[in-house]
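Number of protein chains: 2
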Amino acid sequence: MASSNNDHDQVKGAGLFQRLRGKIVKFGLMLKKLGQDDPRRIVHSLKVALALTLISMLFYFEPLYDGFGIAAMWAILTVVVVFEFTVGATIGRGLNRIMSTVVAAALGIGAHRLATLSGNQGEPILIGLFVFVEAGIVTFFRFIPQMKARYDYGLLIFNLTFCLISVSGYRDEEVIRLGFERVSTIIIGSCTAVTVCVFIRPVWIGAELHNQIATNMEKLANFLEEFGDEYFTVSENGQIRGKSSSLQGYKSVLASKGSEDTMANLARWEPGHGRFKFHHPWKQYLKVGTLTRQCAFKIEALNNYLTSETQTPQEVKSIIQGPSVVISSECGKALKQLATSMRKMTKSSSNDPHIANSKDAAEELKAVIRSSLCKLPAADSLHIIQEGAVASLLFEIIRCTEKIADAVHKLASQAHFNDVKPTVTPNQENSVNDGPHHVIAIE
Amino acid sequence: MASSNNDHDQVKGAGLFQRLRGKIVKFGLMLKKLGQDDPRRIVHSLKVALALTLISMLFYFEPLYDGFGIAAMWAILTVVVVFEFTVGATIGRGLNRIMSTVVAAALGIGAHRLATLSGNQGEPILIGLFVFVEAGIVTFFRFIPQMKARYDYGLLIFNLTFCLISVSGYRDEEVIRLGFERVSTIIIGSCTAVTVCVFIRPVWIGAELHNQIATNMEKLANFLEEFGDEYFTVSENGQIRGKSSSLQGYKSVLASKGSEDTMANLARWEPGHGRFKFHHPWKQYLKVGTLTRQCAFKIEALNNYLTSETQTPQEVKSIIQGPSVVISSECGKALKQLATSMRKMTKSSSNDPHIANSKDAAEELKAVIRSSLCKLPAADSLHIIQEGAVASLLFEIIRCTEKIADAVHKLASQAHFNDVKPTVTPNQENSVNDGPHHVIAIE
Chain A
1 MASSNNDHDQ
11 VKGAGLFQRL
21 RGKIVKFGLM
31 LKKLGQDDPR
41 RIVHSLKVAL
51 ALTLISMLFY
61 FEPLYDGFGI
71 AAMWAILTVV
81 VVFEFTVGAT
91 IGRGLNRIMS
101 TVVAAALGIG
111 AHRLATLSGN
121 QGEPILIGLF
131 VFVEAGIVTF
141 FRFIPQMKAR
151 YDYGLLIFNL
161 TFCLISVSGY
171 RDEEVIRLGF
181 ERVSTIIIGS
191 CTAVTVCVFI
201 RPVWIGAELH
211 NQIATNMEKL
221 ANFLEEFGDE
231 YFTVSENGQI
241 RGKSSSLQGY
251 KSVLASKGSE
261 DTMANLARWE
271 PGHGRFKFHH
281 PWKQYLKVGT
291 LTRQCAFKIE
301 ALNNYLTSET
311 QTPQEVKSII
321 QGPSVVISSE
331 CGKALKQLAT
341 SMRKMTKSSS
351 NDPHIANSKD
361 AAEELKAVIR
371 SSLCKLPAAD
381 SLHIIQEGAV
391 ASLLFEIIRC
401 TEKIADAVHK
411 LASQAHFNDV
421 KPTVTPNQEN
431 SVNDGPHHVI
441 AIE
Chain B
1 MASSNNDHDQ
11 VKGAGLFQRL
21 RGKIVKFGLM
31 LKKLGQDDPR
41 RIVHSLKVAL
51 ALTLISMLFY
61 FEPLYDGFGI
71 AAMWAILTVV
81 VVFEFTVGAT
91 IGRGLNRIMS
101 TVVAAALGIG
111 AHRLATLSGN
121 QGEPILIGLF
131 VFVEAGIVTF
141 FRFIPQMKAR
151 YDYGLLIFNL
161 TFCLISVSGY
171 RDEEVIRLGF
181 ERVSTIIIGS
191 CTAVTVCVFI
201 RPVWIGAELH
211 NQIATNMEKL
221 ANFLEEFGDE
231 YFTVSENGQI
241 RGKSSSLQGY
251 KSVLASKGSE
261 DTMANLARWE
271 PGHGRFKFHH
281 PWKQYLKVGT
291 LTRQCAFKIE
301 ALNNYLTSET
311 QTPQEVKSII
321 QGPSVVISSE
331 CGKALKQLAT
341 SMRKMTKSSS
351 NDPHIANSKD
361 AAEELKAVIR
371 SSLCKLPAAD
381 SLHIIQEGAV
391 ASLLFEIIRC
401 TEKIADAVHK
411 LASQAHFNDV
421 KPTVTPNQEN
431 SVNDGPHHVI
441 AIE
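Protein chains in written order, with the working numbering: chain A, 1 to 443; chain B, 1 to 443.
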């Protein structure tokens with residue numbers, strides 16, 4: 001439309017062409033942005049392409065079994081469905097696929113033999129019955145939450161393989177060959193996918209979870225560090241507050257539960273890599289995540305007062321301003337330091353001074369509220385209530401920050417993070433504070 | 001362990017046996033509970049079993065192509081992977097699978113022909129190149145958010161089919177036959193799955209979304225209806241408050257975003273059924289869901305004060321008690337009526353009196369705060385602040401409830417819900433209130 005506005009002489013076809021070109025350019029830019037936002041997406045696409053080309057060429061040049069057919073097909077199919085973005089997801093799918101194929105193939109062969117024993121008349125009836133019973137049970141098992149979390153794909157493949165093998169209608173020897181072919185090609189396919197996934201620029205989902213938890217803390221910290229200035233000073237201009245991106249970042253934390261649970265489940269499939277050991281305390285990450293989310297809920301409530309239309313007069317606000325700004329920014333700093341020490345995988349107690357500062361400020365704020373807030377004219381009562389609500393939320397946020405700090409310290413000792421200053425003798429007071437967590441961790 | 005405590009004479013084997021039996025019984029009880037919680041799970045398992053038995057027997061008795069083999073395998077495979085719990089998910093997977101197989105098979109045959117034209121030397125190189133380029137591009141497309149939401153499975157199958165067909169290494173006629181077989185068996189499998197899914201006790205994901213949105217509103221309503229009594233009266237006993245299940249129900253609403261988005265995406269695949277037309281306004285459901293979730297965040301903040309350890313003395317609480325209880329319970333009633341009218345799919349303005357009542361109570365509460373809260377002794381200031389925060393949250397909840405009501409009214413007119421009293425002339429005042437939404441809806 002825009003293109004034909006200026007030039008009315010243009011033939012319609014050219015306008016259509018330009019519009020199409022515009023769309024293609026827009027699509028191209030979108031693809032470019034996708035790649036720039038996370039270059040690992042491009043790497044992943046190339047990795048999948050490589051794995052598929054490898055497995056295709058393997059079967060093209062060197063048919064493992066007599067003639068091309070079912071065998072190569074299953075291997076290619078396996079690579080396509082098993083290869084996921086992260087190592088954990090790929091290994092999880094691969095193992096699920098292999099294990100359930102082995103078990104189901106064995107059971108399928110057994111069912112087939114049992115059915116053939118009953119003679120020509122009984123065979124189809126028995127096979128139909130076996131398939132019905134097996135499919136019903138396995139499908140129902142997929143509803144068990146613990147199964148669904150880690151073995152859902154395995155149960156699906158179990159269903160599949162059992163039906164394929166038992167229904168095949170071959171003679172016994174052929175059924176065994178079919179089962180063997182299926183198992184071996186699926187192993188070849190899974191190994192190809194896992195090998196390419198692990199050895200070329202791997203994306204470890206455990207590291208992703210680790211980083212996401214740290215990032216989420218930083219998002220909360222960004223909000224808290226800016227909140228004080230934003231709430232107490234800019235309001236006079238009458239402009240809409242709280243719209244800057246660093247203030248809105250915390251919103252994504254509110255809905256992070258699902259992705260964190262999935263990541264922790266998949267991380268358990270990953271072998272040890274770098275600083276992450278095989279039995280890394282993934283559950284403790286989920287605890288830190290839950291506490292971070294609870295803190296985000298409080299921040300969501302705080303954000304309300306930031307964006308609310310009813311503005312408190314500056315003279316009421318200024319009463320609580322001093323200590324409130326300190327609480328908010330000190331909690332922000334504490335969270336930021338926790339996030340940093342998590343990223344560096346170091347044990348740290350350096351956040352304690354910030355929390356202590358914020359607690360001091362909280363006492364000050366309480367004193368201010370006791371002494372002066374209710375001395376304001378009664379007309380200001382509602383504003384007093386709003387400022388009181390802000391203060392009350394800030395107290396909650398201190399409590400949350402403390403809980404997060406405790407959980408991160410516990411994580412640091414469970415996951416054997418480095419001591420930050422190994423040459424200096426540990427500060428006795430700090431180590432006493434951390435005491436109980438260390439004890440729990442050693443168990 | 002418990003079983004061997006009483007009877008020391010027992011042989012170890014019997015103890016082990018009893019322990020095993022205990023575990024089996026426990027597992028059985030868990031399965032029973034799964035089925036009782038949602039009997040549709042049992043129905044679904046039987047449906048999958050039926051569909052698989054049907055397709056297995058079809059190919060067992062009547063091999064569609066010369067000899068059993070690839071053909072039947074693909075059909076069985078299709079039933080297993082396409083059959084999902086809900087109609088929307090099953091149709092979505094089925095259509096994705098069919099469409100992408102058709103397009104990829106055509107492209108694969110083309111690529112194969114192009115490669116064979118280049119002679120024996122060039123063929124494998126060209127095929128490898130085609131597979132690499134196709135797999136790279138399609139895998140990258142899976143990162144496009146709009147694609148991922150609805151066509152992720154289709155892109156996976158596209159990858160798969162293209163490789164299978166182009167790599168197969170057959171002569172041209174055979175490749176075409178392979179493509180045709182794959183397409184036709186996948187259509188047979190998908191149709192079997194969809195037919196059984198739709199015609200035997202179908203679970204419509206659109207209806208699930210509809211009910212979940214209503215249920216979530218009811219959960220908030222339950223909290224609000226009980227909150228007043230719980231917060232203001234029971235506290236004296238010193239027992240822990242806010243632990244009853246109806247008060248904790250809202251927690252699941254906090255993390256409902258992901259599942260609602262998925263449901264709305266899948267609901268679009270479903271044909272019209274009952275009161276749900278093909279172009280049912282699923283997006284508006286998501287808006288209602290978002291507002292409900294925002295209200296749940298406020299309730300989470302309110303719940304904090306319910307469970308907090310610092311107890312406000314009753315004389316401070318009693319100042320705000322009257323209007324607070326009214327606001328909370330009236331908002332609860334308003335939400336409950338909205339949920340009920342959604343369930344019945346009727347247009348309703350009957351919630352307005354409740355919102356009006358809560359607004360009156362809010363004015364009263366503001367007056368109470370203005371006149372008396374700050375007259376308390378200064379020692380109570382901090383408690384005053386806490387009660388002020390509760391009052392402030394209640395004001396927010398009124399605002400949220402109003403927004404939810406507006407969104408539900410808009411949904412009711414977009415989705416053509418029934419008028420609740422078609423014989424009575426519409427109340428002019430109410431319809432004026434609803435005016436702008438009706439106008440938007442008619443567009």
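Every residue gets a Cβ at the ideal spot worked out from N, C-alpha and C, and that includes glycine.
Once DSSP output is grouped into helix, strand and coil, what is the label at residue i?
{"i": "K347 of chain B", "result": "strand"}
{"i": "Q311 of chain A", "result": "coil"}
{"i": "E225 of chain A", "result": "helix"}
{"i": "I91 of chain A", "result": "helix"}
{"i": "A14 of chain B", "result": "helix"}
{"i": "D38 of chain B", "result": "coil"}
{"i": "V390 of chain B", "result": "helix"}
{"i": "R182 of chain A", "result": "helix"}
{"i": "T78 of chain A", "result": "helix"}
{"i": "F467 of chain B", "result": "What is shown of chain B runs 1 to 443, which leaves residue 467 of chain B out entirely."}
{"i": "S168 of chain A", "result": "coil"}
{"i": "F232 of chain A", "result": "helix"}
{"i": "G249 of chain A", "result": "coil"}
{"i": "L20 of chain A", "result": "helix"}
{"i": "P281 of chain A", "result": "coil"}
{"i": "L155 of chain A", "result": "helix"}
Chain A partners of residue i, CB-CB under 8 Å?
{"i": "C163 of chain B", "result": "L52, S56, I76, V80"}
{"i": "A389 of chain B", "result": "I385, G388, A389, S392, L393"}
{"i": "T86 of chain B", "result": "Here the premise fails: no neighbours, minimum Cβ distance about 13 Å."}
{"i": "P124 of chain B", "result": "M57, Y60, F61"}
{"i": "G136 of chain B", "result": "S45, L46, V48, A49"}
{"i": "L209 of chain B", "result": "Those within 8 Å of L209 of chain B in chain A number zero; the least Cβ separation is about 17 Å."}
{"i": "V131 of chain B", "result": "A49, L52, T53, S56"}
Residues bridged to residue i by DSSP?
{"i": "D419 of chain A", "result": "A:K347"}
{"i": "F276 of chain A", "result": "A:H273"}
For residue i, does the count of other Cβ atoms within 10 angstroms reach 16, so buried, or fall short, so exposed?
{"i": "R21 of chain A", "result": "exposed"}
{"i": "Q36 of chain B", "result": "exposed"}
{"i": "E260 of chain B", "result": "buried"}
{"i": "N304 of chain B", "result": "buried"}
{"i": "Q386 of chain A", "result": "buried"}
{"i": "G67 of chain A", "result": "The pLDDT assigned to G67 of chain A is 48, lower than 50, so where the model puts this residue is not dependable; a value taken from the coordinates is nonetheless given after this. Exposed."}
{"i": "V25 of chain A", "result": "exposed"}
{"i": "H279 of chain B", "result": "exposed"}
What residues in its chain sit with their C-beta under 8 Å from that of residue i, if we drop five residues either side in the sequence?
{"i": "S168 of chain A", "result": "H112, E174, V175, L178"}
{"i": "S246 of chain A", "result": "N222, F223, E226"}
{"i": "I157 of chain A", "result": "N96, R97, S100, T101, A104"}
Using a Cβ cut-off of 9 Å, pull out every chain A residue sitting near residue i, in sequence order please.
{"i": "H44 of chain B", "result": "T139, F140, F143"}
{"i": "G258 of chain B", "result": "A255, K257, G258, S259"}
{"i": "N216 of chain B", "result": "Near N216 of chain B there are no residues of chain A at all, since even the closest Cβ is about 15 Å away, more than 9 Å."}
What does residue i touch in chain B if you count any residue whose Cβ is under 9 Å from its own?
{"i": "L224 of chain A", "result": "Simply none; closest approach about 17 Å."}
Quick one: which chain B residues come within Cβ less than 8 Å of residue i?
{"i": "L160 of chain A", "result": "I76, L77, V80, V81"}
{"i": "F297 of chain A", "result": "L254, F297, E300, A301"}
Residues in its own chain within less than 6 Å of residue i by CB, not counting five upstream and five downstream?
{"i": "A301 of chain B", "result": "L393"}
{"i": "G228 of chain B", "result": "V325, S328, S329"}
Output needed for residue i: all residues of its chain with C-beta closer than 7 Å, excluding positions within five of it in sequence on either side, in chain order.
{"i": "I200 of chain B", "result": "K47"}
{"i": "A14 of chain B", "result": "none"}
{"i": "E218 of chain A", "result": "K336, A339"}
{"i": "F17 of chain A", "result": "none"}
Give me the chain B residues within the contact set of residue i, using Cβ-Cβ distance strictly less than 7 Å, ordered along the chain.
{"i": "L34 of chain A", "result": "F143, I144"}
Can you pull the chain A residues whose beta carbon is under 7 Å from the beta carbon of residue i, in chain order?
{"i": "V102 of chain B", "result": "Neighbours of V102 of chain B on chain A: none; closest Cβ ~17 Å, over 7 Å."}
Original post:
Relative to chain E, which residues along the segment 180-213 of chain A have a C-beta separation below 8 Å, given in chain order?
Top reply: Reference to chain E is not applicable here, since the protein chains of this structure are A and B.
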